[in-house]
Structures are given as structure tokens and as C-alpha cells.
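K.L.:
Pasting a structure here, questions to come.
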Amino acid sequence: MKAKIRKIATFVEEVSTEMGRNVSPPARRAAAVAVIENPYAGQYVEDLSELMLIGEELGELLTQRAVAALGIAGHSAESYGKAAAVGENGELEHAAAILHPKLGTPVRRVLGKGAALIPSSKKRGGLGVVLDIPLGHKDAAFVRSHFDGMEVRISDAPRANEIMVAIAVTDSGRPLPRVGGLTKDQIKGEDGLR
Amino acid sequence: MPEVQIRKTVVIVEEIFHEGGPIASTPQRRAAALAVIHNPYAGKYVERIEGFMHDLQPLGMEMARSLVKALGGDPKAVEGYGKGAIVGSAGELEHGALWHVPGGYAMREVLGNAKAIVASTKKVGGPGARIDIPITHINASYVRSHFDAMEVGISDAPRADEILLALVMTTGPRVHARVGGLKASEIKGEDGLR
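Residue numbers (our numbering), protein chains in the order written: chain P, 3 to 196; chain H, 289 to 482.
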């Protein structure tokens, strides 16, 4: 274990009605969030490879947690997203080092596939900062019913020397999608886009 | 008799490994079950509202069971609990008080007749309002190591005509509890207090 984890939080949302209409089956999404020590807090470090390895480790751990929280097999996941919030003594590039170089491969391994780019967001903030994790279909980024986002926050994180790392996974799109566009049954799944 | 209409449910689990001190051999876990329901009394003053407590009993049981499940499935692992409600802006604080009996007794029943009063809080608030759910030991309110709280909220709830209901359970004391007082090992278990 490379990451020094202070806490892990999981969130599961299940929407069963929207504007009085039944959502059947319910729209379900989960996020797993780890609060870790930032090894580079308070200093400028040129080589961020330690955080890249931490990203790889958390990619697997958090995806497993999110899928378990939904109670589904990895290959049943439909959309995904990732985000990180760096505490005030860190820099945005620390979030980038976790999220972009190595985190995606284990996410896709746990989910079986994942041809699409994993949508992401990052920010720096204080305790209780809100993270909006963007969501998109894991095999075809243009599936319009699955453009979504999930808000998470932890009241006591990130502290100044910490980073919050989040992965969100769903087994469905928005509750009552009706703005057209590519639908999931039209996915070709070749280029990650359509 | 109004029917309980659920819009969405959220389950949050936190696993706390440390808070700057020694890493816990058994991490403390806290879970919150939230349900967003339609407020049948929104927008008007209704004198007789007690009947809704009965209607809420099945939801209370379902939420209490979901918490035990989220914490690993063994009711004996649960040591602390609390409850709360946020009433949307078209309701009144008294509507939140309807949750005391169905929420509290559901947890006590699921946990095998826990003896202590269930700590609680409530307020009127808008979407995204946060609420700090107080937590105390399930069998003796004065156990100091288990005085705790968990902040919860949902970005899009409660709407004006909704109520956000919350139940919380924990598996142990604060992660670095060390301010003395009655210990869990000293509980007499007669009056729910000590």
C-alpha cells in the first residue's frame, strides 16, 4: 500500500421517482472516495511519479468499492467518472498526477471494458469542499442519456496536506432521459465515442 | 392515511483509519441511510399528523436494515446510533418530529432492543442543507468515547414539499478517543444511560 489513507467514504444514490414519475428500474450510482496524505504537500517537486503509482493503486481499490456498493458485477457498470480535490498545501498538478497517467487501467480492468475516456474534474479546496464528478458512458462517450454528474463531499477533508480522490460508477443513466442523441443500444463500442 | 412516497435514497459509509494518530487495528465505520420522501402536509397547517408515524414504520425498518448491511451485516458490530430530519421549506419543524418514533424504534429493534435513547436533531432547510447527526452509544448514553456526529446532506434535497430522513450507525468509538469518562466496558445496561 503506497497511499497513506486516512479514510474511505462510499456513497450510493438510488432514485426511484422524479417529478412524481416512477423510475423503473431505479437509477443508481455510487462513488468511493479516499482521503490520502499528499506526499508533496508544501513543496515544489518536479517528479510526481509517487502520486502516479498511488493513482494506480486507488484506481483499483475505489472502483472495487464503488461496484461493491452498487452490488453489481464490474461488467454491469454503465458509466463512470473520476475527480480529485487537493488540500491547500498542494497543487493542482498533484491531482493530475493521480488521475491521468495510471488510474484508468485498473478501473477498466475491474469494469471489464471501458473504451471511453473517463471524464474527470479537479480542484484545490478546503475541508468540506464539493467535488462534482462528471459521468459518461464507459464504452461510448456520446451516449447522451448517460451525461451526468455526482456531487460528493466529506465534511473533514481534505486537510491542507491531504488529497481526496473519487471514482463514481453507475448502473444506469439519468432518471428519465429524453433529450435524444445516441442511445446505449446503438453503441458500436469501437472508438470509445459511439 | 398518506402513503410514503420515496424519491431517492442515499447510503453513505465512512471507514476511518486514523486522524493523525496511530492507525486503528479495526477502522471505525460510520454509515448513514437517507431517504427523501414527499411531505404530505407541505403548504398547509394540519392539526392531526400523528398517523404518519405509523406509515413511516416500514421505511424506518428498511433503512435500519440497510445500515446494518452497509456495516457488514452483523447487528452486534453496531455500537453507536443517531437520527435526524431536514424538512423542506413548505413544511414545519413538527413534521420532522414525526421521525422520532419510527426511526428510533426501528434501529432499536434491528439492533436487538438497544437501551439508550437515540440522539437526534432536526431542522427546516433547502436543497443541499447539511445536518450533523448526533451519535451516542446504543446501550448507555453516557459512554464518552462514543459521543460523535456525522454530517450528511444531499445536493438536490429536500425540495420544498419533501422531508429528508436520516438514520446513522457506527461500529465503535471515535478513532483516537482519549478524554476519559464512562467506558463501553463499564456499561451496566440497566437504564440506557450508564
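Heads up, the beta-carbon is just placed ideally off N, CA and C, and yes, glycines get one too.
None of these values were measured; they are calculated from a predicted model.
Where does H:S473 fall in DSSP's three states?
P.N.:
On the second sequence, position 185 is the one that residue 473 of chain H refers to. Of the three classes helix, strand and coil, the one that applies to H:S473 here is helix, per DSSP.
K.L.:
DSSP on H:Y393, reduced to helix/strand/coil?
P.N.:
As a working note, residue 393 of chain H is residue 105 in the second sequence. Three-state result, H:Y393: helix.
K.L.:
Which class does H:T458 belong to by DSSP, given the choice of helix, strand or coil?
P.N.:
Here residue 458 of chain H refers to the residue found at position 170 when the second sequence is read from its first residue. Three-state DSSP puts H:T458 in a strand.
K.L.:
Applying the criterion that 16 or more other CB atoms from any shown protein chain within 10 Å of the CB defines a buried residue, is P:A71 buried or exposed?
P.N.:
On the first sequence, position 69 is the one that residue 71 of chain P refers to. P:A71 comes out buried.
K.L.:
What residue from H:A445, H:V375, H:V301 has the CA that sits closest to H:Y329's CA?
P.N.:
To locate residue 329 of chain H, count along the second sequence from 1; it is residue 41. The candidate whose alpha carbon is nearest that of H:Y329 is H:V375.
K.L.:
Within the same chain, show all residues whose beta-carbon is closer than 8 angstroms to that of P:F144, passing over the 5 residues directly before and after it, in chain order.
P.N.:
Your numbering for residue 144 of chain P matches position 142 in the first sequence. For P:F144, where only same-chain residues beyond five positions count, the Cβ hits under 8 angstroms are G183, L184, L195, R196.
K.L.:
Taking a cut of 7 angstroms between CB atoms, which residues from the stretch 289 to 315 of chain H lie near chain P?
P.N.:
Result list: Q293, I294, R295, K296, T297, V298, V299, I300, V301, E302, E303, I304, F305, H306, E307.
K.L.:
Among the residues of its own chain, which have a CB less than 8 angstroms from the CB of H:N427, if the five just before and after it don't count?
P.N.:
On the second sequence, position 139 is the one that residue 427 of chain H refers to. Hits under 8 angstroms: A402, K403, A404, I475, G477, G480.
K.L.:
To the nearest angstrom, how far is it from the Cα of H:S429 to the Cα of P:L129?
P.N.:
On the second sequence, position 141 is the one that residue 429 of chain H refers to. On the first sequence, position 127 is the one that residue 129 of chain P refers to. Between H:S429 and P:L129, the C-alpha separation is close to 29 angstroms.
K.L.:
Verify the contact flag: P:A71, CB atom, against every heavy atom of the ligand NAD, threshold strictly below 7 angstroms.
P.N.:
Only the bare structure without any ligand can be found here, which leaves the ligand NAD out of the picture.
K.L.:
Runs of 3 residues minimum, wholly inside the stretch 14 to 67 of chain P: which ones carry the beta strand (DSSP E) assignment?
P.N.:
Runs found: 23 to 39.
K.L.:
Taking beta-carbon pairs under 7 angstroms, can you tell me which members of the stretch 413 to 440 of chain H lie near chain P?
P.N.:
Of all residues in the stretch 413 to 440 of chain H, E439 have a Cβ within less than 7 angstroms of some Cβ in chain P.
K.L.:
What residue range does the beta strand (DSSP E) around H:L429 cover?
P.N.:
Here the question's residue 429 of chain H lines up with position 141 in the second sequence. According to the sequence displayed, residue 429 of chain H carries Ser and not Leu. Counting along the chain, H:S429 falls outside any beta strand (DSSP E), and DSSP gives it neither H nor E.
K.L.:
To test your reading of the DSSP string, which unbroken alpha helix (DSSP H) runs of 4 or more residues are found completely within the stretch 309 to 371 of chain H?
P.N.:
Counting whole runs of 4 or more residues, the stretch 309 to 371 of chain H contains the alpha helix (DSSP H) stretches 339 to 343, 345 to 358.
K.L.:
So the alpha helix (DSSP H) H:R482 belongs to, where does it begin and stop?
P.N.:
Against the second sequence, residue 482 of chain H aligns to sequence position 194. Where H:R482 is concerned, there is no enclosing alpha helix (DSSP H), given that its DSSP letter is neither H nor E.
K.L.:
In angstroms, rounded to a whole number, what distance separates the CA positions of H:Q345 and H:W387?
P.N.:
Your numbering for residue 345 of chain H matches position 57 in the second sequence. Your numbering for residue 387 of chain H matches position 99 in the second sequence. Distance between the alpha carbons of H:Q345 and H:W387: 9 angstroms.
K.L.:
Once the 5 residues before and after H:S433 are set aside, which same chain residues still bring their CB inside 6 angstroms of it?
P.N.:
Here residue 433 of chain H refers to the residue found at position 145 of the second sequence. P461, A465.
K.L.:
At which residue ranges does the stretch 136 to 175 of chain P contain complete alpha helix (DSSP H) runs of 4 or more residues, listed in the order of the chain?
P.N.:
With a minimum length of 4 residues, no continuous alpha helix (DSSP H) run stays inside the stretch 136 to 175 of chain P.
K.L.:
Tell me which residues share the same chain as P:L113 and place their Cβ nearer than 8 angstroms to its Cβ, disregarding the 5 neighbours each side in the sequence.
P.N.:
Working through the first sequence from its first residue, we reach residue 113 of chain P at position 111. If we look at P:L113 and ignore the five residues flanking it on each side, its Cβ neighbours are T65, V69, G76, H77, A79, Y82, K140, V171.
K.L.:
Here's a check: name, in chain order, each residue in its chain whose Cβ is nearer than 6 angstroms to the Cβ of P:G175, leaving out the five neighbours to either side.
P.N.:
Working through the first sequence from its first residue, we reach residue 175 of chain P at position 173. Same-chain partners within the cutoff: S147, H148.
K.L.:
List the residues that DSSP assigns as beta-bridge partners of H:T409.
P.N.:
Counted from its first residue, the second sequence places residue 409 of chain H at position 121. DSSP, once it has assigned bridges, lists H:G372 as partnering H:T409.
K.L.:
Is there at least one Cβ from chain H nearer than 8 angstroms to P:E153's Cβ?
P.N.:
On the first sequence, residue 153 of chain P is found 151 positions in, with the first residue counted as 1. It does: the Cβ of P:E153 has a partner Cβ on chain H nearer than 8 angstroms.
K.L.:
Does the Cβ of H:I311 have 16 or more other Cβ atoms within 10 Å, making it buried, or fewer, making it exposed?
P.N.:
By one-based count along the second sequence, residue 311 of chain H stands at place 23. With fewer than 16 other Cβ atoms within 10 Å, it is exposed.
K.L.:
Bridge partners of P:S122, per DSSP?
P.N.:
Reading the first sequence from its first residue, position 120 is the one you call residue 122 of chain P. DSSP, once it has assigned bridges, lists P:K84 as partnering P:S122.
K.L.:
Do you know how far the Cα of P:G106 is from the Cα of P:S51?
P.N.:
Counting from one through the first sequence, the residue named residue 51 of chain P turns up at place 49. Counting from one through the first sequence, the residue named residue 106 of chain P turns up at place 104. Going from the Cα of P:S51 to the Cα of P:G106 covers about 15 angstroms.
K.L.:
With H, G and I counted as helix, E and B as strand and the rest as coil, what does DSSP make of P:I74?
P.N.:
Numbered from its first residue, the first sequence carries residue 74 of chain P at position 72. In the structure shown, P:I74 sits in coil (DSSP, three-state: anything other than H, G, I, E or B).
K.L.:
Put H:R466 into one of helix, strand or coil per three-state DSSP.
P.N.:
In the second sequence, the residue the question calls residue 466 of chain H occupies position 178. Three-state DSSP puts H:R466 in coil, outside helix and strand.
K.L.:
Take P:K104 as the anchor and find which of P:K115, P:H96, P:L119, P:E58 has the nearest alpha-carbon.
P.N.:
On the first sequence, position 102 is the one that residue 104 of chain P refers to. Ranking P:K115, P:H96, P:L119, P:E58 by Cα distance to P:K104 puts P:E58 first.
K.L.:
Can we say the stretch 147 to 161 of chain P touches the stretch 86 to 106 of chain P, given the rule of at least three CB pairs closer than 8 angstroms?
P.N.:
As far as the Cβ criterion goes, the stretch 147 to 161 of chain P touches the stretch 86 to 106 of chain P, which means the pair count is three or higher.
K.L.:
If you draw a straight line from the alpha carbon of H:E382 to that of P:A97, how long is it in whole angstroms?
P.N.:
Counting from one through the second sequence, the residue named residue 382 of chain H turns up at place 94. Counting from one through the first sequence, the residue named residue 97 of chain P turns up at place 95. When rounded, the distance between both Cα atoms is 45 angstroms.
K.L.:
On the criterion of 16 or more Cβ atoms from any shown chain inside 10 Å, does P:K9 qualify as buried, or is it exposed?
P.N.:
Taking the first sequence and counting its residues from 1, one reaches residue 9 of chain P at position 7. Buried, because 16 or more other Cβ atoms sit within 10 Å of the Cβ of P:K9.
K.L.:
Tell me which residue opens and which closes the alpha helix (DSSP H) that P:I100 is part of.
P.N.:
For the purposes of this step, residue 100 of chain P is taken as residue 98 along the first sequence, with counting starting at 1. Per DSSP, P:I100 belongs to the alpha helix (DSSP H) from 94 to 101.
K.L.:
Let me know the secondary structure DSSP gives H:E382 once reduced to three states.
P.N.:
If you number the second sequence from 1, residue 382 of chain H lands on position 94. Helix.
K.L.:
Count the other CB atoms, across all protein chains shown, that sit within 10 Å of the CB of P:E15; report buried if there are 16 or more and exposed otherwise.
P.N.:
Counting from 1 along the first sequence, the entry for residue 15 of chain P is found at position 13. Classification for P:E15: buried.
K.L.:
Given a cut-off of 8 angstroms on the beta-carbon distance, is the pair H:G384 and H:A407 in contact?
P.N.:
Within the second sequence, residue 384 of chain H is the residue found at index 96, counting from 1. Within the second sequence, residue 407 of chain H is the residue found at index 119, counting from 1. Cβ atoms of H:G384 and H:A407: not closer than 8 angstroms.
K.L.:
Within a Cβ cutoff of 6 angstroms, which residues of the same chain sit near H:G331, ignoring the five residues on either side of it in sequence?
P.N.:
Position 43 of the second sequence holds residue 331 of chain H. Excluding sequence neighbours, H:G331 sits near A378.
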